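Visitor:
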Amino acid sequence: MTEAHRRQKHPELVRSQLLAVVRTLLVEQGPHAVTLDAVSARAGVTKGGLQHHFRSKQALLDALSDQLFEEFQQGYAQALAQEEDGRPGRHARAYVRTAFDEGTDCNRVEAQRAIGLLALTLPHCREQWSATMQAALAEDGDDPQVADRLLACRMAADGYWFSQMLDVYPMDEARKARVLKTLLDLCN
């Protein structure tokens, strides 16, 4: 019996490690670098072992997209839970808070870059994000003036998120807190 047969199997851990490798390859070298051979070599698993979890490059990218989307959803749900039910602008405030929350996995620079690359290269990834944002926008109410202001706040939060991803506007914690407060106040 080989060592591989005696070793304990931890499929979720292996799957998670494989997706971490995919994320790193994607961000460091671009989508073209994510191949089954490259992932299996960097992860230290056989190509057959990789294909046990993910049949193709597309399956790897889809799984990473799903993982990143789930990370965003978890952060957004936590921010939304902090908002008072029925209070106008609560979904926009939760979105703004999520974009500014460095504690959420989806706001770490590597994850941000992976999300950006996946959204640019995978139409279904873009569509998933769009559908989720459209549903959140529907929660902003029927008053066009209020809905427009809340959309502007969301777009400003997106701008902050992208500026952090690209390291365009570095800011200290005090300034970040002031900008966040400004956007949250505009959501009221």
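With the first letter of the sequence shown counted as 1, position 186 gets the number 1566 in our numbering; the numbers rise by one all the way through. All C-beta atoms in this analysis are idealised placements derived from N, C-alpha and C, irrespective of residue type, glycine included. The model shown is predicted, which means the values in this text are computed figures rather than measured ones.
1) Does the separation of the CB atoms of Leu1448 and Ala1494 fall below 8 Å?
2) Which residues mark the beginning and the end of the alpha helix (DSSP H) in which Gln1462 is found?
3) Classify Gln1544 as buried or exposed, calling it buried when 16 or more other Cβ atoms lie within 10 Å of its own Cβ.
4) Starting from Arg1435, trace the alpha helix (DSSP H) both ways and give me its first and last residue.
5) On a Cα-Cα basis, can you pick out the residue from Asp1547, Val1548, Cys1533, Leu1546 that is closest to Val1559?
6) Does DSSP classify Cys1505 as helix, strand or coil?
7) Using 8 Å as the threshold, is the C-beta distance between Val1407 and Arg1422 below it?
8) Helix, strand or coil: which one does DSSP assign to Cys1533?
9) Considering just the uninterrupted stretch of the alpha helix (DSSP H) at Thr1549, what are its terminal residues?
Guide: With the given structure in hand:
1) yes
2) Note, Gln1462: premise wrong, no alpha helix (DSSP H); not H, not E.
3) buried
4) Neither: Arg1435 is in no alpha helix (DSSP H) and is coded neither H nor E.
5) Cys1533
6) helix
7) no
8) helix
9) One detail in the question is off: residue 1549 reads as Tyr in this sequence, not Thr. That residue, Tyr1549, is in no alpha helix (DSSP H); it is neither H nor E in DSSP.
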